[in-house]
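Chains as they are written, first to last, in the numbering used here: chain G, 1 to 243; chain S, 1001 to 1243.
Written out below as structure tokens is the structure these notes cover.
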DNA sequence: TAGCAGTAATGGTCTAACCAATACCCTCAG
DNA sequence: CTGAGGGTATTGGTTAGACCATTACTGCTA
């Protein structure tokens, strides 16, 4: 008959209220929240409590906090980075290897190809061509980066015109970049061969040739996977080359 | 020559230190952190600062906080739920529909089937059979839940013996459950037809028949997808049935 | 006009205290 | 001897008020 009158933490209530405002579109990316002191008054709580709520929102990637005059809490555009970070964290905290993630990525990037081939517009293909061009010239000048490769793969995914798929592929590339960059394999990973495969992939997409696209992507990703595995556990690579 | 002496927030330093300890395995799931007051002394900071750090760790899903005597902060087992939550949040905060997520899920769950068929052990298959049995009897008694369906699909994914894949499929089912349960479509979604398809899928896996498995899963997921689309925007479903 | 110092707004941190929830222990009655 | 009850210590949750550090603007001065 008489239910509990308190519902856990006050800061949590504030967090939920903020989340709700964002979902409802009453708070949109770029908006500036009232200052901490204002929020105290409005919610009728102390500043510490407001600050804890803001910390949670910040950790959730929903707001960004800047200090100084004209500073404050700003609603951020939610991005796939958060999911990517979560994935990376899981990778480091659970028995999950870079190879595992690479395999998952292969499954996904191969699986979307039928959708890509079916739905890619002329604009998509033009963008992909441009990225290939950039990659080639960057290769010539020796300034090719993993980020450029990632951008290409993400652009391929976005050609499905499914934001969920695009975000997932983006999420995969975050941890991938991290684990590869720190392992100084950025440069040799992507040779002219890789760039050539990118080019061929775009062609296959343009010709709406699913099978060829799959074949190219399979080869392309398998070479990447081999590199990751080798980097993950060099002893295995040596074993293999020794046979 | 003289670099900055301060490096942003103190609480952030503490968070990083904790994260490091977890990565290094010096803190494992189940461990209890010292009390807030102890941490204050050890770090030489105030309780407010320690609490902000704990809030961030809690929001990141790394610790769980309990009040009362013998309470405190406990290191948690990182799970895929966090990623699922992130996905769900992105779904509500960006122009991303349940249909988009369902499509991504279809791509993924279909894509892993070759791996499942290749790697499923006898134990995997026995577990799957058990889940099918449970589902059938639950159906008879009218107690079938979405969670049971999710469990089956996750178990299929775990038969790839790739934790990354398992976690991703788990992540997909979180938001899916949420959006479906709240839409009161739990019961009619899974009829005897669905259960039968589960059964057939297990058979195909046992016979190492990739093509058949794909065919069954495609049909199975497409019916789910149709339900989601219909639920997402009933007007569309009406339109279609009106033609 | 350019540069610089002052100033106000804002987040970051600290202190000290009290409240609320919880588990343990000790006492006392049966 | 055993069970129930309350007391108590531990721990997180919250408050109030203060001070510091950073930052952008403003207006003065050379």
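Backbone N, C-alpha and C define an ideal beta-carbon position, used for all residues, glycine too.
Own chain, CB closer than 8 Å to residue i, minus 5 neighbours either side, in chain order
i, result
"residue 129 (chain G)", "202"
"residue 13 (chain G)", "7"
"residue 1046 (chain S)", "1040"
"residue 1037 (chain S)", "1047"
"residue 1225 (chain S)", "1099, 1102, 1103 and 1106"
"residue 1213 (chain S)", "1113, 1116, 1117, 1201, 1204 and 1205"
"residue 223 (chain G)", "193 and 194"
Boundaries (first-last residue) of the alpha helix (DSSP H) holding residue i
i, result
"residue 1089 (chain S)", "1081-1093"
"residue 10 (chain G)", "10-23"
"residue 158 (chain G)", "146-158"
"residue 1114 (chain S)", "1113-1119"
"residue 1209 (chain S)", "No alpha helix (DSSP H) holds residue 1209 (chain S); DSSP gives it neither H nor E."
"residue 69 (chain G)", "Counting along the chain, residue 69 (chain G) falls outside any alpha helix (DSSP H), and DSSP gives it neither H nor E."
"residue 1135 (chain S)", "1122-1140"
"residue 32 (chain G)", "Counting along the chain, residue 32 (chain G) falls outside any alpha helix (DSSP H), and DSSP gives it neither H nor E."
"residue 54 (chain G)", "47-59"
Residues near residue i in its chain [Cβ-Cβ closer than 7 Å; skip 5 each side]
i, result
"residue 246 (chain G)", "Because chain G spans 1 through 243 in this model, residue 246 (chain G) falls outside it and cannot be assessed."
"residue 171 (chain G)", "80, 83, 84 and 87"
"residue 1029 (chain S)", "1075, 1076 and 1077"
"residue 1235 (chain S)", "Annotation note: pLDDT 42 at residue 1235 (chain S) (below 50); position unreliable, no value reported."
"residue 90 (chain G)", "96"
"residue 72 (chain G)", "32, 33, 35 and 66"
"residue 1153 (chain S)", "1109, 1169 and 1173"
"residue 138 (chain G)", "144 and 148"
Contact list for residue i against chain G, beta-carbon separation under 9 Å
i, result
"residue 1037 (chain S)", "Within chain G, no residue comes near residue 1037 (chain S); the closest Cβ sits about 16 Å away, beyond 9 Å."
"residue 1159 (chain S)", "Chain G residues near residue 1159 (chain S): none, gap ~14 Å exceeds 9 Å."
"residue 1163 (chain S)", "90, 94, 95, 96, 97 and 100"
"residue 1117 (chain S)", "Per Cβ cutoff of 9 Å: no residues; residue 1117 (chain S) is ~13 Å from chain G at best."
"residue 1148 (chain S)", "What residue 1148 (chain S) touches in chain G: nothing, since even the nearest Cβ is about 24 Å away."
Residue closest to residue i, alpha-carbon to alpha-carbon, out of the options
i, options, result
"residue 23 (chain G)", "G:51, G:76 and G:68", "G:76"
"residue 1066 (chain S)", "G:88, G:74, G:9 and G:155", "G:9"
"residue 112 (chain G)", "G:194, G:155, G:226 and G:53", "G:155"
"residue 1070 (chain S)", "S:1034, S:1028 and S:1171", "S:1034"
"residue 150 (chain G)", "G:52, G:220 and G:45", "G:220"
"residue 158 (chain G)", "G:50, G:43, G:51 and G:121", "G:121"
"residue 1227 (chain S)", "S:1198, S:1214, S:1194 and S:1204", "S:1194"
"residue 1136 (chain S)", "S:1200, S:1068, S:1223 and S:1027", "S:1200"
"residue 1215 (chain S)", "S:1089, S:1204 and S:1224", "S:1204"
"residue 140 (chain G)", "G:169, G:43, G:191 and G:100", "G:191"
"residue 16 (chain G)", "G:68, G:132, G:91 and G:54", "G:54"
"residue 1196 (chain S)", "S:1019, S:1064, S:1131 and S:1021", "S:1131"
"residue 42 (chain G)", "G:126, G:64 and G:18", "G:18"
"residue 1127 (chain S)", "S:1167, S:1025 and S:1198", "S:1198"
Partner residues on chain G for residue i, Cβ-Cβ distance less than 7 Å
i, result
"residue 1086 (chain S)", "82, 83 and 86"
"residue 1167 (chain S)", "90"
"residue 1056 (chain S)", "55 and 59"
"residue 1210 (chain S)", "The premise fails here: residue 1210 (chain S) is roughly 13 Å from chain G at the closest Cβ pair, so nothing lies under 7 Å."
"residue 1048 (chain S)", "48"
"residue 1104 (chain S)", "162, 164, 165 and 168"
N-terminal and C-terminal residue of the beta strand (DSSP E) that residue i is part of
i, result
"residue 1066 (chain S)", "1063-1066"
"residue 1073 (chain S)", "1072-1075"
Contacts of residue i in chain S (Cβ-Cβ under 8 Å)
i, result
"residue 78 (chain G)", "1089, 1090, 1093 and 1094"
"residue 112 (chain G)", "1107"
Residues of its chain near residue i, where Cβ-Cβ distance is below 6 Å and the 5 sequence neighbours each way are ignored
i, result
"residue 1173 (chain S)", "1150"
"residue 1052 (chain S)", "1011"
"residue 1134 (chain S)", "none"
"residue 49 (chain G)", "10 and 11"
"residue 1124 (chain S)", "1159"
"residue 64 (chain G)", "74 and 76"
"residue 21 (chain G)", "27"
"residue 1167 (chain S)", "1080"
"residue 1056 (chain S)", "1015"
Chain-ordered neighbours of residue i on chain G, where CB pairs are closer than 8 Å
i, result
"residue 1052 (chain S)", "51, 52 and 55"
"residue 1023 (chain S)", "92 and 93"
Amino acids of chain S, ordered along the chain, whose beta-carbon sits closer than 9 Å to that of residue i
i, result
"residue 217 (chain G)", "Under the 9 Å cutoff, chain S gives no residues; its nearest Cβ is about 12 Å from residue 217 (chain G)."
"residue 248 (chain G)", "With chain G covering 1 to 243 only, the question about residue 248 (chain G) has no answer from this structure."
*asked:* Any contact between the region 101-114 of chain G and the region 54-64 of chain G? By contact I mean 3 or more CB pairs, one from each, below 8 Å.
replied: Short answer: they don't touch.
*Is it a yes or a no for the region 112-119 of chain G touching the region 198-216 of chain G, going by three-plus beta-carbon pairs under 8 Å?*
Counting Cβ pairs under 8 Å, three or more are found: they touch.
*asked:* With a threshold of 8 Å, are at least 3 pairs of Cβ atoms found where one atom belongs to the region 145-158 of chain G and the other to the region 1080-1088 of chain S?
replied: The region 145-158 of chain G makes no contact with the region 1080-1088 of chain S, as fewer than three CB pairs between them are under 8 Å.
*May I ask you to verify whether the region 161-171 of chain G touches the region 1086-1098 of chain S, counting CB pairs closer than 8 Å and requiring at least 3?*
In short, these stretches touch, since the Cβ pair count reaches three.
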